[in-house]
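Just so it is clear: in the sequence shown, position 122 is 122 by full-length UniProt numbering, and no numbers are missing.
Taking it in order: structure first as structure tokens, then the write-up.
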Amino acid sequence: MENYIGEIRMFAGNFAPQDWALCNGSLLPISQNETLFTLIGTTYGGDGVTTFQLPDLRSRVPVHVGNGTGIPNVVAGQTGGTENLTLTVANLPAHSHTVNGVNATGTSGNPAGLFPATPDTAGRNAYITTPAANMVQMNNSSIVPAGNGLPVPVMQPYVTINFIIALYGIFPSFS
């Protein structure tokens, strides 16, 4: 079975066979590859005058051109995605934390499970708006945000293999 010019295949070898090239983003001279240039043009790069670029599939997952229900429109040559992601507060689901206390006046500056132990001025048994003289500040590590904002890897499991593109072969019909 003969291949089509511009056809991309997976290849287990560590080289590109004769009349094929690795899909590694190489720039090729148009003058030596006019037929392939006719098919892909500068979709993947190049100046379009003397050079054009092959697709670069190194560390990338190929995605079909087009769109569908719930799928954004993508065009040939478009790139996207990320290998790492730093989560922000906007990425987290809305949530709240409860604070437990009692409706009795505290007897010491040590909260020991009774915080907030003094009713506020409206009698709602919540944290007092004006600290009393005997109040003790909570440890900063218990009330400040935790974490250090390092990116989280989001790359799917993978096995590497070479992708090759046919430089010569049958010219595909546009039917």
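We put the CB at the ideal spot given by N, CA and C, even for glycine.
Taking the alpha-carbon positions, what's the P119 to A94 distance? Walking along the sequence shown from the start, residue 119 turns up at place 119. Walking along the sequence shown from the start, residue 94 turns up at place 94. Confidence in P119 is poor, its pLDDT being 49 and thus under 50, which makes the residue's placement unreliable; the coordinate value appears in the next sentence. Approximately 28 Å between the Cα atoms of the pair.
Which of the three DSSP states, helix, strand or coil, is assigned to V159? Taking the sequence shown and counting its residues from 1, one reaches residue 159 at position 159. V159: coil per DSSP, three-state reduction.
Rounded separation between T86 and G77 - CA only: What you label residue 86 is simply residue 86 of the sequence shown in a count that begins at 1. What you label residue 77 is simply residue 77 of the sequence shown in a count that begins at 1. Roughly 26 Å separates the two Cα atoms.
Is it the case that the stretch 58-70 contacts the stretch 35-48, given that we only count it when at least three CB pairs across the two stretches are under 8 Å? no
Could you tell me whether the stretch 64-75 touches the stretch 24-39, where touching means 3 or more Cβ pairs closer than 8 Å? no
Closest by C-alpha distance to L54, when choosing among S173, L92, V89, I5: What you label residue 54 is simply residue 54 of the sequence shown in a count that begins at 1. Of the listed residues, the one whose Cα sits closest to L54 is I5.
Work out the CA separation of T160 and F11 for me, nearest whole Å. Taking the first residue of the sequence shown as 1, we reach residue 11 at position 11. Taking the first residue of the sequence shown as 1, we reach residue 160 at position 160. So the alpha carbons of these two residues sit roughly 10 Å apart.
Suppose only complete runs of 4+ residues qualify. What are the alpha helix (DSSP H) ranges in the UniProt domain "Phage tail collar" (6-62), listed by chain order? 34-40
With P172 as the anchor, note down where its beta strand (DSSP E) starts and where it stops. Residue 172 sits at position 172 when you count from the first residue of the sequence shown. Segment: none, P172 is in no beta strand (DSSP E) and carries neither H nor E.
Option in A90, G45, N91 with minimal Cα separation from T79: As a first step, residue 79 must be located in the sequence shown, where it is residue number 79. T79 has its Cα closest to that of G45, out of A90, G45, N91.
Return the Cβ separation of D19 and A166 in integer angstroms, given the expectation that the two are a contact with Cβ distance under 8 Å. By 1-based counting over the sequence shown, the position of residue 19 is 19. By 1-based counting over the sequence shown, the position of residue 166 is 166. That belief holds up - the Cβ atoms of D19 and A166 are roughly 7 Å apart, short of 8 Å.
Residue nearest to P8 in terms of C-alpha spacing, selected from G169, S173, G149: The count along the sequence shown starts at 1 and reaches residue 8 at position 8. Note that residue 8 corresponds to Ile in the displayed sequence, not to Pro. The residue with the shortest Cα to Cα distance from I8 is G169.
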